[in-house]
Amino acid sequence: MTSSTASPFLSTRAAGTGLLVALVGYSSSVAVVIQGLTAMGASPAQVVSGLAAVGFAMGLSAMALSRWTRMPVSVAWTTPGMALLAGTGAVEGGFAAAVGAFMVTGLLIMLAGLWTPLGRWVAAIPKPLANAMLAGILLKLCLAPFIAIGQAPVVALAVLGTWIVVGRFARLYAVPAAVTVALAAMVLQTPLDGATAAAFAWPQLTAVMPAFTVEALVGIALPLFVVTMASQNIPGLAVLHTYGYAPPVPPAFLTTGALSALTAPFGAPTVNLAAITAALCAGPDAEPDPGRRWQAAFVGGLGYIALAALAAVTATLVLRSPPILIEAVAGLALVNAFGGAVQGAVQDEEHRLPALMTLLTTASGLSLGGIGSAFWGLVLGGGLVLLHRRRQTA
1265 MTSSTASPFL STRAAGTGLL VALVGYSSSV AVVIQGLTAM GASPAQVVSG
1315 LAAVGFAMGL SAMALSRWTR MPVSVAWTTP GMALLAGTGA VEGGFAAAVG
1365 AFMVTGLLIM LAGLWTPLGR WVAAIPKPLA NAMLAGILLK LCLAPFIAIG
1415 QAPVVALAVL GTWIVVGRFA RLYAVPAAVT VALAAMVLQT PLDGATAAAF
1465 AWPQLTAVMP AFTVEALVGI ALPLFVVTMA SQNIPGLAVL HTYGYAPPVP
1515 PAFLTTGALS ALTAPFGAPT VNLAAITAAL CAGPDAEPDP GRRWQAAFVG
1565 GLGYIALAAL AAVTATLVLR SPPILIEAVA GLALVNAFGG AVQGAVQDEE
1615 HRLPALMTLL TTASGLSLGG IGSAFWGLVL GGGLVLLHRR RQTA
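At position 380 of the sequence shown (counting the first as 1) the number is 1644 in our numbering, and the numbers step up by one without a gap.
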């Protein structure tokens, strides 16, 4: 998608969305990444190194892809993959074997980028199903503001009230104002002890000599590749297609796969196309002009690199604060996107039932074989579409 009114100047609105993207993408799941790295046998120093390296990989790939394609290509770490590894535990060879598996996963993603039918398959997903999958992904996050009221009522109500009041007079500044309140609460709730002071140090990259073992390749690399492709890359492409963007698949996978392989020796997990933050960048709330929304993903990449430089302190602040606060802000920012996705899913009567099944399956959080609910929602919805077509043909 391009726009004849696209401007080379940075949009203030897109820049604000980009900063929110970096904050949401990092804080909402950093605990899962830390848990996954620790389960693989990483030491505290290796965890900080991994966070710094993966932040650099996410930021650089998002900046490169969005600038080159002029599309809001958002990048994230493989949260479902890290959750899978957290449940798998260490393998023979320790963290060195896990690092070797991370490298192989990156190479497999690069190979997937050279397989051209994948892009055609994603483009063939019916729009109602893609919208339904997006709505299912966003539903849980859009519920976060109200769940937060039960967990942290004072702060959550302050965040929600700020969003409502500021949005009444200046909608553009509603989400930034809510973010400011949430960040202030996180800082105030973080105790100033010796561990917190030590976190304000420049992160050190710790190199690990990768080891390649059969157990790690079969138990880590292959499952991580499948989960990353099915739960992140394919839904990420589908979300972009929902908003009218069709990024070229080979460069996207070659870039994220190569940076994953290059940063793996420093403990970095795999990076991939994002889905939730893609919805933040690609929607009209990021920037009314579709031709300038790529700037949101670009600034988000800058934010990831900045967070990489503060890996120790950001991990300390986030892990010592309720992550539901940042999720609540993200949910408020995605309310309009959720409404548009629901409307796009159900307005076509022919696809309404398959779309609803896709939405419900995706929102359920179902996981089979380590593969997340977004993929299975598309599988179920696509199966119903094919079944209905065969009945009509018969």
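Virtual Cβ for every residue (Gly too), placed ideally from N, Cα, C.
Can you tell me which of the options puts its alpha carbon nearest to the alpha carbon of residue i?
i     : options                    : result
A1570 : L1301, A1441, A1317        : A1317
W1640 : A1438, G1629, T1342        : G1629
G1645 : A1340, D1549, P1390        : P1390
A1347 : H1615, V1337, A1449, S1293 : S1293
L1312 : Q1299, G1323, L1324        : One point to set straight first is that residue 1312 is Val, not Leu, in the sequence displayed. Cα-wise, what sits closest to V1312 is Q1299.
T1625 : A1532, L1398, E1356, W1332 : L1398
C1406 : V1491, G1647, A1594, L1623 : A1594
L1620 : A1279, L1648, L1632        : L1648
Q1558 : L1650, A1609, W1332, L1481 : Position check: residue 1558 holds Trp in this sequence, whereas Gln was assumed. Closest by alpha carbon: W1332.
L1274 : V1451, V1563, E1591, Q1607 : V1563
T1520 : A1306, A1295, A1442, S1338 : S1338
A1388 : I1411, G1555, L1501        : L1501
A1575 : L1623, V1297, R1432        : V1297
V1513 : W1379, R1556, R1432, T1527 : W1379
G1508 : L1598, T1369, A1605        : A1605
G1280 : S1524, I1411, F1476, D1549 : D1549
I1498 : A1328, S1637, S1291        : S1637
L1329 : A1542, E1591, L1642        : A1542
V1288 : L1523, E1591, F1410, V1368 : E1591
V1363 : A1441, A1480, A1350, A1522 : A1480
L1324 : S1524, P1618, T1492, F1433 : S1524
A1674 : R1616, G1400, V1491, W1466 : Limits of the chain in this structure are 1265 at one end and 1658 at the other, which puts residue 1674 out of reach.
T1527 : V1368, E1613, M1327, A1295 : V1368
A1350 : A1295, I1373, M1327        : A1295
Would you grab the beta carbon distance between residue i and residue j for me? Rounded to a whole angstrom, and I think it's under 8 angstroms.
i     : j     : result
A1309 : T1470 : 5 angstroms
A1303 : G1353 : 5 angstroms
N1395 : T1506 : 6 angstroms
G1413 : L1421 : The sequence given here has Ile at residue 1413, not Gly. The pair is a contact, with the Cβ atoms about 6 angstroms apart (cut-off 8 angstroms).
A1539 : V1577 : Not quite, the Cβ-Cβ distance comes to about 27 angstroms (not below 8 angstroms), so this is no contact.
P1533 : T1342 : 6 angstroms
V1439 : L1632 : About 35 angstroms; that fails the 8 angstroms criterion.
P1344 : S1495 : 4 angstroms
G1319 : F1530 : Not quite, the Cβ-Cβ distance comes to about 11 angstroms (not below 8 angstroms), so this is no contact.
F1359 : V1472 : 6 angstroms
A1516 : L1537 : 6 angstroms
V1430 : Y1437 : 6 angstroms
I1588 : A1416 : 7 angstroms
L1518 : L1598 : Not a contact, Cβ separation roughly 29 angstroms.
A1365 : A1485 : 4 angstroms
Per DSSP, what are the beta-bridge partners of residue i in this structure?
i     : result
W1640 : The partner list for W1640 (beta bridge, DSSP) is empty, contrary to what the question assumes.
N1536 : A1340
Quick check: does the Cβ of residue i come within less than 7 angstroms of any heavy atom belonging to the ligand NAP?
i     : result
A1494 : Here there are no bound small molecules, and the ligand NAP is not part of this structure.
Between which two residues does the beta strand (DSSP E) containing residue i stretch?
i     : result
L1620 : Where L1620 is concerned, there is no enclosing beta strand (DSSP E), although the alpha helix (DSSP H) it sits in stretches over 1616-1628.
Can you say whether residue i is buried or exposed, counting buried as having 16 or more other CB atoms within 10 angstroms of its CB?
i     : result
G1565 : buried
M1335 : buried
A1448 : exposed
L1452 : exposed
M1322 : buried
P1381 : exposed
I1428 : exposed
V1482 : exposed
A1554 : Going by the sequence as given, residue 1554 is Pro instead of Ala. Looking at its Cβ environment, which holds 16 or more other Cβ atoms inside 10 Å, P1554 is buried.
T1269 : The pLDDT assigned to T1269 is 46, lower than 50, so where the model puts this residue is not dependable, and the model offers no usable value.
F1489 : buried
L1651 : exposed
T1276 : exposed
A1603 : Just to set this straight, residue 1603 is Gly in the shown sequence, not Ala. Exposed.
E1356 : exposed
G1282 : buried
F1433 : exposed
L1375 : exposed
F1410 : exposed
E1551 : buried
V1478 : exposed
V1418 : exposed
R1556 : buried
With respect to the alpha helix (DSSP H) encompassing residue i, which residues constitute its N-terminal and C-terminal limits?
i     : result
N1600 : 1599-1610
S1495 : Per DSSP, S1495 belongs to no alpha helix (DSSP H) and is neither H nor E.
M1322 : 1308-1333
A1361 : 1358-1377
S1675 : In the structure as shown, the chain begins at 1265 and stops at 1658. Residue 1675 is therefore absent and cannot be evaluated.
I1389 : Taken as a continuous stretch (DSSP letters only), I1389 belongs to no alpha helix (DSSP H), as it is neither H nor E.
V1297 : 1294-1303
Y1568 : 1558-1573
P1417 : 1417-1433
L1469 : Careful: L1469 lies outside any alpha helix (DSSP H) and carries neither H nor E.
G1521 : 1513-1527
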